[in-house]
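**Q**
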Amino acid sequence: MHNTVHSACNGRPLISITCLVFALAISACGGGSGSGATVSLPSTPTTPTPPSLPPVDISGVSTGNVASSLPDGWSKGAFIEIYVRGYKDSDGDGIGDLRGVIQSLDYLRDLGIKGIWLMPVTRSQDADHGYAVSDYRNIETGYGNLADFDELVKQAHARGIGIILDYVMNHSAAQNPLFINSSASPSNDYRSWYVWKDTTPTGWSIFGTNPWYSTSNGAYFAGFWSQMPDFNMLNPNVLSYHQDNLRFWMNRGVDGFRFDAVGHLVENGPNDWYDQPQNYPIMGSVHQAINAYQRRFMVCEAPEDVAGFSAGNVCGSAFGFGHNYDVVNAAKGKTDAINAVANYFKTMTTEVSTMVSNHDSFAGDRLWDQVGGDTAKYKLAAATYLLQPGTPFIYYGEEIGMAGAATLSGDPKLRTPMSWTNNASNAGFSTGTPFRALSANVATQNVAVQIADPNSIYSFYKAMLSLRNSRLSVSQGNYSNVFVSGSLMGFQRQSGSEKTLVLINYGSASAQANLSNLSANASLASLYPQSGTTILADGSGNAQITMAAQSVQVINVTP
Numbered sequence: 273m274h275n276t277v278h279s280a281c282n283g284r285p286l287i288s289i290t291c292l293v294f295a296l297a298i299s300a301c302g303g304g305s306g307s308g309a310t311v312s313l314p315s316t317p318t319t320p321t322p323p324s325l326p327p328v329d330i331s332g333v334s335t336g337n338v339a340s341s342l343p344d345g346w347s348k349g350a351f352i353e354i355y356v357r358g359y360k361d362s363d364g365d366g367i368g369d370l371r372g373v374i375q376s377l378d379y380l381r382d383l384g385i386k387g388i389w390l391m392p393v394t395r396s397q398d399a400d401h402g403y404a405v406s407d408y409r410n411i412e413t414g415y416g417n418l419a420d421f422d423e424l425v426k427q428a429h430a431r432g433i434g435i436i437l438d439y440v441m442n443h444s445a446a447q448n449p450l451f452i453n454s455s456a457s458p459s460n461d462y463r464s465w466y467v468w469k470d471t472t473p474t475g476w477s478i479f480g481t482n483p484w485y486s487t488s489n490g491a492y493f494a495g496f497w498s499q500m501p502d503f504n505m506l507n508p509n510v511l512s513y514h515q516d517n518l519r520f521w522m523n524r525g526v527d528g529f530r531f532d533a534v535g536h537l538v539e540n541g542p543n544d545w546y547d548q549p550q551n552y553p554i555m556g557s558v559h560q561a562i563n564a565y566q567r568r569f570m571v572c573e574a575p576e577d578v579a580g581f582s583a584g585n586v587c588g589s590a591f592g593f594g595h596n597y598d599v600v601n602a603a604k605g606k607t608d609a610i611n612a613v614a615n616y617f618k619t620m621t622t623e624v625s626t627m628v629s630n631h632d633s634f635a636g637d638r639l640w641d642q643v644g645g646d647t648a649k650y651k652l653a654a655a656t657y658l659l660q661p662g663t664p665f666i667y668y669g670e671e672i673g674m675a676g677a678a679t680l681s682g683d684p685k686l687r688t689p690m691s692w693t694n695n696a697s698n699a700g701f702s703t704g705t706p707f708r709a710l711s712a713n714v715a716t717q718n719v720a721v722q723i724a725d726p727n728s729i730y731s732f733y734k735a736m737l738s739l740r741n742s743r744l745s746v747s748q749g750n751y752s753n754v755f756v757s758g759s760l761m762g763f764q765r766q767s768g769s770e771k772t773l774v775l776i777n778y779g780s781a782s783a784q785a786n787l788s789n790l791s792a793n794a795s796l797a798s799l800y801p802q803s804g805t806t807i808l809a810d811g812s813g814n815a816q817i818t819m820a821a822q823s824v825q826v827i828n829v830t831p
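Just so we're aligned: the sequence shown equals residues 273 to 831 in this note's numbering.
1. Can we say the region 358-368 touches the region 758-770, given the rule of at least three CB pairs closer than 8 Å?
2. Quick check on DSSP: helix, strand or coil for Trp229?
3. With burial defined as no fewer than 16 other Cβ atoms inside 10 Å of the residue's Cβ, what is the status of Ser831: buried or exposed?
4. With DSSP run on the structure shown, which of helix, strand or coil describes Ser731?
5. Let's see if you can read the secondary structure: which residues bound the beta strand (DSSP E) around Thr607?
6. Quick check for students: name the residue ranges of the alpha helix (DSSP H) that lie wholly in the region 546-597, counting only runs of 4 or more.
7. Arg381 by DSSP, collapsed to three states: which one?
8. Of all the alpha helix (DSSP H) runs that stay within the bounds of the region 374-450, which reach a length of 4 or more residues?
9. Please state whether DSSP places Met627 in a helix, a strand or coil.
10. If we call anything under 8 Å between Cβ atoms a contact, is Gly393 one with Tyr415?
11. How big is the Cα-Cα spacing for Gly384 and Met555?
12. Take Trp476 and list the residues in its own chain whose beta-carbon comes closer than 7 Å to its own, dropping the five residues that flank it on each side.
13. Compare the beta carbon distance of Leu652 and Ala603 with 8 Å and say whether it is the shorter of the two.
14. Using a 10 Å radius around the Cβ and a threshold of 16 neighbouring Cβ atoms, would you call Gly372 buried or exposed?
15. Would you tell me roughly how many angstroms separate the C-alpha atoms of Trp521 and Ser488, rounded to the nearest one?
16. Straight-line CA distance for Val333 to Asn517?
17. Assuming the contact rule is C-beta atoms closer than 8 Å, Val425 and Ala564 should be a hit. Round their C-beta distance to whole Å, please.
18. Mind checking which residues open and close the beta strand (DSSP E) that includes Ile215?
19. Between the Cα of Gly528 and the Cα atoms of Val405, Tyr552, Arg519, which residue gives the shortest distance?
20. Please classify Gln769: is it buried, with 16 or more other beta-carbons within 10 angstroms of its beta-carbon, or exposed?
21. Given this structure, state the Cα-to-Cα distance separating Asp438 from Ser747, to the nearest angstrom.
22. Contact defined as beta carbons within less than 8 Å: I believe Phe707 pairs with Arg357. What is the distance between those atoms, to the nearest angstrom?
23. With three or more beta-carbon pairs closer than 8 Å as the criterion, would you say the region 339-355 touches the region 454-471?
24. Please list the segments of the alpha helix (DSSP H) lying wholly inside the region 799-827, counting only runs of 4 or more residues, in order along the chain.
25. Where Thr319 and Ser340 are concerned, what is the direct C-alpha to C-alpha distance, given to the nearest angstrom?
26. Alpha carbon to alpha carbon, how far is Gly584 from Tyr492? Give it in angstroms, no decimals.
27. What is the DSSP secondary structure of Phe496, reduced to helix, strand or coil?
28. For Asn540, which residues of its own chain have a beta-carbon under 7 Å away from its beta-carbon, when the five flanking residues on both sides are left out?
29. Under the rule that 16 or more other beta-carbon atoms within 10 Å means buried, what is Pro575, buried or exposed?
30. In angstroms, rounded to a whole number, what distance separates the CA positions of Glu671 and Gly387?
31. Run through DSSP, which three-state label would Met505 get?
32. For Leu639, which of helix, strand or coil comes out of DSSP?
33. Which one or two residues does DSSP pair with Val774 in a beta bridge?
34. What are the start and end residues of the beta strand (DSSP E) that includes Leu790?
35. Would the region 670-684 and the region 723-732 be scored as touching if the rule is three or more Cβ pairs under 8 Å?
36. For the beta strand (DSSP E) holding Thr663, just list the boundary residues, first then last.
Now the structure itself:
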């Protein structure tokens, strides 16, 4: 699949809308399984005889305990995105599991993480990425069971950390009992739960393929993969079913959800199959269901309309695709990107969720690979999105500078076992043989080495997160007094009387920040680095600060 995307975009970065939407197909289908090979399955599901139809659980789920043990504003802290299969193996079978995540909670708390996004942990057909869901109300067998999940939620909450789940509304697995029933005959009770036509439509092309797949009982629609048939999201029973599933998990204490591929929920024709008008009220109704519970958080994957899906009556937040490329290019000293980063939140809602990479190759390589292992640039990128507005999402291993796997490509390259130690065989991830090749830089960029080094990437992330967690102005404040001067960017964050000034010099030479719009004789005390330095503005509210090359300063401003 990766080769198809690369060819379609002529090898250039996936920034254009055409390439981005094309690559989103690979995002939702996970991009491969196991060591990177595509799952080998029949192109169309087998049509069983009626006696063999599996039972279907669509039981309603009422709103349970709506309370939250997490504090107000918890979701304004930093999240970490965890691929459970690749995070920590607790039982030596070479596959990460929920117990492994539990074992890692103290590490995450000490780093300063306030939320965990778990990539799909429900049972799946693909046996890797999890986006082909076969059972929405149970745990992937290799990851553990519901009791393990409940313990994870309990232990995370005890440390002030929230848990959000990856949820796939657009499609299920072909092996999901609902689709097996739906495909049995045109008269099946669940026929209308998926998108069917009596004959195979022509004139369609999504990602270069006709998304309609023929069976002996008609043709079904699967925009991403033949084994991921699309739900009929215009059927109110389907929407109710998904909302029941969400309540099933929230009643167990889940703190919210990341929704996959929300731009693909409804198709109105061969030329109208993305970001259709019906998608917005659908997600709005989901948002209402989630908001029946206290302090829950939801974020949507919607690359082409970040602002539209971030609206409070839709998803409330969406990932800031596009901004991630600018952040990385700003760290490389590109002035057009620096200006784009500075101006982003002048028009974008501060409810947006930010990142520099994630589990999908269309969002870019791991940050280490994007900056060529340059730790100065790495830290500049991190400071930018951890100190700007929005809810930042750190991809697991980013905080230690993990690279992708040298022997893999596409999405599997990004989903390697976590580098806990420099062990060349298992990286401290497992006592057995890891399911996939290790990160290319496991020898130097691992937790054990990074924690011991006060100048490491890990130590820098911990310092930035400490600022975010201790200062309301950084986590929830406004965004003002923005300026760019050459390769130097500055902005202020304010909440109540607390003011934080952030200065970032992306350039390779020192630069002077000429500050204005300060209060007369304002005091500027350095918070990072913790140098103990304080300077005073003059009577007109002006001050000058010299910034070293490729440096960050975070300053408390009083009054």
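A virtual CB, placed ideally from N, CA and C, is assigned to each residue, including glycine.
**A** According to the structure data:
1. No, because fewer than three Cβ pairs between the region 358-368 and the region 758-770 fall closer than 8 Å, the two stretches do not touch.
2. This structure gives no information on residue 229, because the portion of the chain shown stretches from 273 to 831.
3. Counting from one through the sequence shown, the residue named residue 831 turns up at place 559. In the sequence under discussion, the amino acid at residue 831 is Pro, which differs from the Ser named in the question. Pro831 comes out exposed.
4. Within the sequence shown, numbered from 1, the residue matching residue 731 stands at position 459. In the structure shown, Ser731 sits in a helix (DSSP, three-state: H, G or I).
5. Residue numbering aside, residue 607 sits at position 335 when the sequence shown is read from its first letter. Thr607 -> not in any beta strand (DSSP E); alpha helix (DSSP H) instead, spanning 607-619.
6. Fully enclosed alpha helix (DSSP H) runs of 4 or longer: 551-563, 578-582.
7. As a first step, residue 381 must be located in the sequence shown, where it is residue number 109. Helix at Arg381.
8. For the region 374-450, the continuous alpha helix (DSSP H) assignments of 4+ residues that do not extend past its boundaries occur at 377-383, 418-430, in sequence order.
9. On the sequence shown, position 355 is the one that residue 627 refers to. When DSSP states are grouped into helix, strand and coil, Met627 belongs to the coil group.
10. As a first step, residue 393 must be located in the sequence shown, where it is residue number 121. As a first step, residue 415 must be located in the sequence shown, where it is residue number 143. The question names Gly, yet the displayed sequence has Val at residue 393. Closer than 8 Å, so yes.
11. As a first step, residue 384 is located in the sequence shown; it is residue number 112 there, counting from the start. As a first step, residue 555 is located in the sequence shown; it is residue number 283 there, counting from the start. Each residue's Cα considered, the two are about 30 Å apart.
12. Here residue 476 refers to the residue found at position 204 when the sequence shown is read from its first residue. For Trp476, where only same-chain residues beyond five positions count, the Cβ hits under 7 Å are Asn482, Pro483, Trp484, Pro542.
13. On the sequence shown, residue 652 is found 380 positions in, with the first residue counted as 1. On the sequence shown, residue 603 is found 331 positions in, with the first residue counted as 1. In this structure, Ala603 lies closer than 8 Å to Leu652 by Cβ.
14. The residue you call residue 372 lines up with position 100 of the sequence shown. Gly372 should be labelled buried.
15. Start at 1 with the first residue of the sequence shown, and residue 521 comes out as number 249. Start at 1 with the first residue of the sequence shown, and residue 488 comes out as number 216. If I take the Cα positions, the gap works out to 36 Å.
16. Within the sequence shown, residue 333 is the residue found at index 61, counting from 1. Within the sequence shown, residue 517 is the residue found at index 245, counting from 1. Cα to Cα, the separation comes out at about 7 Å.
17. Here residue 425 refers to the residue found at position 153 when the sequence shown is read from its first residue. Here residue 564 refers to the residue found at position 292 when the sequence shown is read from its first residue. Taking a contact as a CB-CB distance under 8 Å, the pair Val425 and Ala564 does not count as one, their CB atoms being some 18 Å apart.
18. With the chain covering 273 to 831 only, the question about residue 215 has no answer from this structure.
19. For this step, residue 528 is matched to residue 256 along the sequence shown. For the residues Val405, Tyr552, Arg519, the minimum Cα distance to Gly528 belongs to Arg519.
20. Position 497 of the sequence shown, counted from the start, is the residue given in the question as residue 769. One detail in the question is off: residue 769 reads as Ser in this sequence, not Gln. With fewer than 16 Cβ atoms within 10 Å of its Cβ, Ser769 is classed as exposed.
21. Looking up residue 438 in the sequence shown gives position 166. Looking up residue 747 in the sequence shown gives position 475. Their Cα atoms are separated by approximately 24 Å.
22. Within the sequence shown, the letter at position 435 stands for residue 707. Within the sequence shown, the letter at position 85 stands for residue 357. Distance from Phe707 to Arg357 at the Cβ level is roughly 7 Å; contact confirmed, criterion being Cβ atoms closer than 8 Å.
23. Taking a contact to require three or more Cβ pairs closer than 8 Å, the region 339-355 and the region 454-471 do not qualify as touching.
24. The alpha helix (DSSP H) runs lying completely inside the region 799-827 and spanning 4 residues or more number zero.
25. In the sequence shown, counting from the first residue as 1, residue 319 sits at position 47. In the sequence shown, counting from the first residue as 1, residue 340 sits at position 68. With a pLDDT of 49 at Thr319, under the threshold of 50, the predicted position of this residue should be treated as unreliable, though the coordinate-derived value follows. Thr319 and Ser340 have their C-alpha atoms roughly 44 Å apart.
26. As a first step, residue 492 is located in the sequence shown; it is residue number 220 there, counting from the start. As a first step, residue 584 is located in the sequence shown; it is residue number 312 there, counting from the start. Distance between the alpha carbons of Tyr492 and Gly584 is about 34 Å.
27. Position 224 of the sequence shown, counting from 1, holds the residue named residue 496. Here DSSP, grouped into helix, strand and coil, assigns Phe496 to coil.
28. Along the sequence shown, one-based indexing puts residue 540 at 268. The residues are Gln548.
29. One-based indexing of the sequence shown puts residue 575 at position 303. In this structure Pro575 is buried. Its beta-carbon is surrounded by 16 or more other beta-carbon atoms within 10 angstroms.
30. One-based indexing of the sequence shown puts residue 671 at position 399. One-based indexing of the sequence shown puts residue 387 at position 115. In this model, Glu671 and Gly387 are separated by some 15 Å (Cα to Cα).
31. Here residue 505 is taken as the residue at index 233 of the sequence shown, counted from 1. Coil at Met505, not helix or strand.
32. The sequence position of residue 639 within the sequence shown is 367, counting from 1. If DSSP states are grouped into helix, strand and coil, Leu639 belongs with the helices.
33. By one-based count along the sequence shown, residue 774 stands at place 502. DSSP, once it has assigned bridges, lists Phe763, Val826 as partnering Val774.
34. By one-based count along the sequence shown, residue 790 stands at place 518. Neither: Leu790 is in no beta strand (DSSP E) and is coded neither H nor E.
35. Output reads yes: the region 723-732 touches the region 670-684.
36. Against the sequence shown, residue 663 aligns to sequence position 391. Here the beta strand (DSSP E) through Thr663 covers 663-667.
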